[in-house]
Each structure stands twice: as structure tokens, then as C-alpha cells.
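Chemist:
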């Protein structure tokens with residue numbers, strides 16, 4: 001049982017952790033920290049958190065579990081704010097979308113990554129943001145990746161693992177660099193594509209109202225383009241090492257597809273579409289497992 | 001009231017036209033034509049159609065409304081099969097995804113487009129195909145675009161318009177070339193991107209199981225990559241004039257995004273994401289109208 005759970009960033013993820021922790025009776029008290037006063041007020045009013053602070057150090061004081069759930073660009077500031085009161089008896093973890101950047105940030109601030117800090121990332125989300133988008137069952141059946149270092153305390157890892165499992169998630173461990181490589185492909189690249197396409201077509205729409213004739217396929221394809229711009233700015237910059245080569249590889253894939261279309265290479269184009277459909281079925285089969 | 005409705009291609013679209021026409025009592029009899037014997041048998045067994053033929057000319061004989069709902073690559077063959085028995089008293093229309101190619105096909109076969117042929121396209125679909133995927137309400141609240149020519153009989157247009165309206169759709173008219181331009185942007189390009197991405201990541205997944213850590217965002221982004229490969233092969237070839245420049249334009253958009261990420265151009269990247277989110281909201285607002 002956690003006594004005092006401190007959540008830094010009470011948005012979609014942080015708010016959902018709070019709601020689930022409360023519903024599953026995983027802690028006695030939930031302290032929320034948020035730089036956005038309106039968001040913090042809503043979290044308090046709706047009973048998502050018990051106490052609210054704008055100050056990171058005040059919020060984290062006396063917590064035995066601290067979860068950092070902000071966009072990854074804020075970690076330097078947050079680690080610096082935590083440094084003075086770093087709770088060596090507590091467990092600190094995070095829900096940041098990239099893992100190497102978070103670990104590098106901890107190294108910058110602390111010299112080395114504290115052994116009670118467990119880097120983590122729940123593979124769950126939505127295109128909506130803020131505490132208003134949080135739900136009690138966001139992590140139910142979802143995957144969470146922890147990327148502990150060799151120096152990370154095994155008991156701290158165990159406590160974070162149990163926390164996520166208690167909220168219904170399946171917990172995996174992998175190397176931070178591997179996490180960033182996999183997520184760049186399955187999440188970061190699709191987001192960049194969705195943002196770029198929606199932006200390009202938005203400009204066309206201003207000229208000739210094409211959106212009027214877009215339908216359900218377009219709605220689903222572009223759903224992730226409604227995601228929080230700040231969060232995605234941070235991810236793109238934090239994981240650019242993995243994302244950039246994938247963008248260029250995808251540009252090459254498109255060049256190949258365009259060339260097949262131009263040449264009317266029926267068999268190869270058909271094979272490409274069949275392979276894509278097969279690959280997606282493999283993905284769906286895994287998703288349901 | 002239609003006496004004998006002939007649907008050529010009893011798949012997702014054709015089957016849904018049959019189901020809706022029956023439910024709304026728009027016709028006395030529904031004749032289905034399909035080259036796929038299994039699909040035709042299912043359509044008969046499930047009562048989606050009353051009579052089934054594999055032969056286009058036999059199926060269309062004595063029909064007063066003929067709807068061609070096959071992939072657009074089949075139109076030459078179908079028009080040729082209809083030529084001998086071309087029903088001048090009937091109205092012939094289609095549900096093909098591209099309109100210039102269908103009109104060019106009619107010109108190739110008939111010399112000029114028959115005045116009782118009304119080119120059309122319902123903006124409705126799903127990633128599933130075949131009569132098993134058809135539903136009675138697929139067109140409810142959806143948009144249908146008709147692209148009649150100057151020589152098209154206004155009364156034929158009127159009858160097709162009424163047919164779609166009776167199935168719950170909103171009917172618009174536009175130039176065939178404009179249809180193809182708009183749909184290339186809102187539908188064809190996203191499909192090419194989804195196929196290309198799923199194909200590329202499918203190859204990566206074979207090497208290191210990345211799909212295991214893909215989630216809801218990826219599921220929705222790639223949904224259209226499960227679409228019928230034959231239908232999309234035909235669309236890509238039929239509308240390559242419009243699709244190819246868009247693929248290349250999108251590759252340039254990606255190059256710009258990559259360059260912003262590489263340079264760490266925070267403000268511009270943030271503005272791109274904000275603009276994209278705003279554009280998608282504009283689209284959503286229209287979709288709900």
C-alpha cells in the first residue's frame with residue numbers, strides 16, 4: 001500500500017493513474033502537482049487528487065511514490081526541483097514517452113541516475129489531453145514498459161511493477177534504447193505523418209473545402225493529429241535520433257509506391273497492399289492477446 | 001419505385017445498396033451479379049438479393065435501374081458486357097471510387113457516354129469487403145457525389161439522386177475531375193500512406209516484434225490498410241494523375257518536418273502541430289453537420 005502518492009502532471013496519464021489508484025485503493029492520499037492552475041483546480045474539484053500544488057518540491061515532500069507524468073521536455077526542470085528534497089526512501093518513476101532522454105536528463109541533474117528512479121512508459125493514451133480526459137480504466141489491459149538500469153534498485157522496480165499491474169496493465173522490461181526505437185516506429189512516426197498530412201490538407205481545405213467530402217477513414221487516420229502539440233513537440237525533439245531515419249525511410253517507401261503507381265506495376269503494387277493488409281492483421285491478432 | 005434493381009458487384013457497397021433498397025422498399029426485385037461464386041451464394045442465402053447471376057448481360061436484362069459497384073478496374077469489361085443489351089429505357093449508375101476513369105471507360109466502349117448513365121460515388125466504406133460486410137444503414141447520413149456530364153439526362157440524374165436520398169444519403173454534384181482531385185487528397189493519399197507504413201513496419205516487425213507495443217493510435221491510423229487490395233490497386237492506377245503529385249507533395253512536407261525536428265526548430269514545429277490539430281477540428285465540425 002502506498003501512503004502518499006505524488007503525481008507530477010495531472011493530465012490524461014497522471015489523472016488516470018490517480019483515478020485508478022483511488023478506485024483500486026492503492027494509496028491513502030494523492031497529491032497532485034501541476035503548472036496549469038485551471039487543470040489543478042479541476043483535478044481537485046473532481047476529487048481526482050486530494051491536495052494540489054504548483055510547486056514540485058512541496059508536492060513531492062513526504063511522498064513514498066512519485067510519478068512524473070509530464071511532457072518529456074519538462075524533466076530537466078522537474079528533476080532540478082526534486083534535487084533538493086530527493087526522497088531516497090521513496091520510489092520515483094515516470095510515464096514519459098521517451099526513455100533515453102529521461103535517463104539523460106536524470107544524469108545531467110544528478111550526475112548519475114538515482115537508484116530509486118524507475119523509468120517507465122505506459123503504452124496508453126488518447127488524442128485528448130488534460131485531467132478532463134483522464135479515465136479510471138485507461139491502463140486496463142494495456143502494456144507498460146519499464147526500462148530500469150543496471151544500477152536501479154530491484155525492489156523499486158518491483159514496487160512500480162506492482163503499481164501498474166494493480167491498475168490492470170501488463171508490465172514489460174526492455175533496454176531504454178530499444179524502447180525508443182520501437183516506439184519511434186509504432187507511435188512517433190505515425191504521429192508525425194498524421195500531423196503532416198492534416199496540416200497539408202488543412203491548407204488545401206482553406207482553398208477549396210475538401211474536408212466536406214472526407215469520411216470515416218480520414219477521421220480515424222488523422223485522429224492522432226488531434227494529440228497535444230506540446231507533448232509531441234517534446235517527443236520529436238527528445239527522440240529525434242530514432243525518428244529522423246524513420247521519416248527518411250518512409251519517404252523512400254513512398255517514392256517506391258509512387259514509382260509502382262506511375263509505371264502501372266500491377267503485380268508489385270497489389271503485393272504491397274496484400275502484404276500491408278497481412279501485416280495489419282498480425283498486429284490486430286497481437287492487440288487482442 | 002424501381003421494378004427491377006440490378007446490382008453488379010454485391011460487395012460492401014453493392015450489398016449495402018441492396019439491403020437499404022429492400023429495407024426502404026425502394027424496389028420490387030433485386031438482381032445481383034457477381035464474379036465471385038461464393039460471395040454471390042452468400043448474398044442469395046442471406047436474402048440480400050432475390051436472384052443471382054455471374055453473367056452481367058443476363059443480370060442486367062429487363063432491369064430499370066442498374067448500379068455498378070465493382071472496383072473501377074472492371075468497368076471496361078462490364079460496359080462491354082452491357083453494350084449488347086444496353087438498356088436505353090433504364091437508368092445505369094455506378095458507385096466507383098474514381099470518376100474520370102469511369103467516364104473514360106464509357107467513352108472507350110460506347111464512343112460517347114450514354115445519356116442514361118449517371119456516374120456517382122458514395123463517400124462511405126469500411127476496411128472490410130464482400131457482402132458479409134454490407135449493412136442496411138451504410139449510407140445513412142453519408143455524402144454521395146454525382147458527376148453527370150452535360151449530355152446526361154436530367155431525369156436519370158433525378159432518379160439516381162432520389163435513390164441515394166431514400167437510403168439516407170446527402171447528394172452533391174460536382175465535375176468529375178474535381179471529384180477525383182478532392183478524393184485523391186482526402187481518401188486516396190491517406191490509403192497509400194497507411195498501406196506504405198503498415199508494409200514498412202510489417203517488415204520491421206518480422207525482425208523484432210514491434211507490433212507488440214503498438215496501441216490504439218496505431219490501430220486507428222492503419223485501419224484503412226486493411227482495405228481491399230484489388231479495389232485500391234484499381235483506384236491508384238485509375239487516379240494516378242491526381243495521386244502522384246500529392247504523394248510527392250507529402251514527401252516534401254515530411255522533408256520539411258524532418259528538417260524542423262533536426263534543427264530543433266521548436267516554434268515552427270509547435271506551430272505545425274497546432275495548425276494540424278486545428279485543421280482536424282475543422283474537419284470534425286463538418287463531419288458532424
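Protein chains in written order, with UniProt numbering: chain A, 1 to 289; chain B, 1 to 289.
Each residue gets a CB set at the ideal place from its N, CA and C atoms; glycine is no exception.
If you're wondering where the values come from, they're calculated on a predicted model, not measured in any experiment.
In whole angstroms, give me the CA-to-CA distance for residue 36/B and residue 176/A.
Modeler: If I take the Cα positions, the gap works out to 50 Å.
Chemist: Please list the residues of the stretch 243-254 of chain A that have a C-beta atom closer than 8 Å to any C-beta atom in chain B, keeping them in chain order.
Modeler: From the stretch 243-254 of chain A, only 243, 244, 247, 248, 249, 250, 251, 253 and 254 have a Cβ closer than 8 Å to chain B.
Chemist: Hey, could you find the ends of the alpha helix (DSSP H) residue 208/A is sitting in?
Modeler: Per DSSP, residue 208/A belongs to the alpha helix (DSSP H) from 189-208.
Chemist: Are the beta-carbon atoms of residue 57/A and residue 81/A separated by less than 8 Å?
Modeler: Yes.
Chemist: Taking just the CA atoms, how far does residue 86/B sit from residue 280/A?
Modeler: Near 42 Å, if we compare the C-alpha coordinates of residue 86/B and residue 280/A.
Chemist: Taking CB distances under 8 Å as the criterion, tell me whether residue 309/A reaches chain B.
Modeler: It is not possible to answer for residue 309/A, since the shown part of chain A is limited to 1 through 289.
Chemist: Is it true that the CB of residue 15/B sits closer than 8 Å to the CB of residue 70/B?
Modeler: Cβ distance not < 8 Å, so residue 70/B and residue 15/B don't count as in contact.
Chemist: Quick one: what's residue 143/B bridged to in DSSP?
Modeler: Residue 143/B is bridged to 123/B and 170/B.
Chemist: Given residue 115/B, which residues of its chain have a CB within under 8 Å of its CB, disregarding the five upstream and five downstream residues?
Modeler: Closer than 8 Å at Cβ, skipping near neighbours: 151, 152, 153 and 156.
Chemist: Give every residue of the same chain whose Cβ lies closer than 8 Å to the Cβ of residue 200/A, excluding the five residues on either side of it in the sequence, and list them in chain order.
Modeler: Cβ within range, chain order: n/a, list empty.
Chemist: Since residue 233/A is in the alpha helix (DSSP H), which residue starts that stretch and which ends it?
Modeler: Start and end: 229-238.
Chemist: Locate the beta strand (DSSP E) running through residue 26/B, then write down its first and last residues.
Modeler: Residue 26/B -> no beta strand (DSSP E), and no H or E assigned at all.
Chemist: Name, please, each residue of chain B whose Cβ falls closer than 9 Å to the Cβ of residue 202/A.
Modeler: Per Cβ cutoff of 9 Å: 275, 276, 278, 279, 280, 282 and 283.
Chemist: Alpha carbon to alpha carbon, what distance is there between residue 140/A and residue 185/A?
Modeler: Whole-angstrom Cα-Cα distance: 23 Å.
Chemist: Quick check on the burial criterion: 16 or more other C-beta atoms within 10 angstroms. Buried or exposed for residue 99/A?
Modeler: Counting Cβ neighbours within 10 Å, residue 99/A comes out buried, since at least 16 surround it.
Chemist: Got a sec? Which residues, its chain only, sit under 6 Å from residue 65/B by beta carbon, not counting five neighbours each side?
Modeler: Once the five neighbours on either side are set aside, the close Cβ partners of residue 65/B are 2, 5 and 91.
Chemist: According to DSSP, which residues form a beta bridge with residue 93/A?
Modeler: DSSP output for residue 93/A lists 67/A and 118/A as bridge partner(s).
Chemist: Which of the residues in the stretch 114-142 of chain B, read from start to end, lie with their CB under 9 Å from any CB of chain A?
Modeler: The stretch 114-142 of chain B vs chain A, Cβ under 9 Å: 123, 124, 125, 126, 127 and 142.
Chemist: What does a CB cutoff of less than 6 Å around residue 101/B pick up in its chain, not counting 5 residues either side in sequence?
Modeler: Same-chain partners within the cutoff: 72 and 238.
Chemist: Of all the residues that make up the stretch 197-226 of chain A, which are near chain B by a beta-carbon distance shorter than 7 Å?
Modeler: Here the close residues are 197, 198, 199, 200, 201, 202, 204, 205, 210, 211, 212, 213, 214, 215, 217, 218, 219, 220, 221, 222, 223, 224, 225 and 226.
Chemist: Leaving out the 5 sequence neighbours to the left and right, which residues in its chain are closer than 6 Å to residue 88/A when beta-carbon positions are compared?
Modeler: Excluding positions up to five away in sequence, the list is empty.
Chemist: Checking contacts by CB at 8 Å: is residue 288/A closer than that to chain B?
Modeler: No, residue 288/A lies away from the interface with chain B (no Cβ there is under 8 Å from its Cβ).
Chemist: Considering residue 72/A, what are the terminal residues of the alpha helix (DSSP H) in which it resides?
Modeler: Careful: residue 72/A lies outside any alpha helix (DSSP H) and carries neither H nor E.
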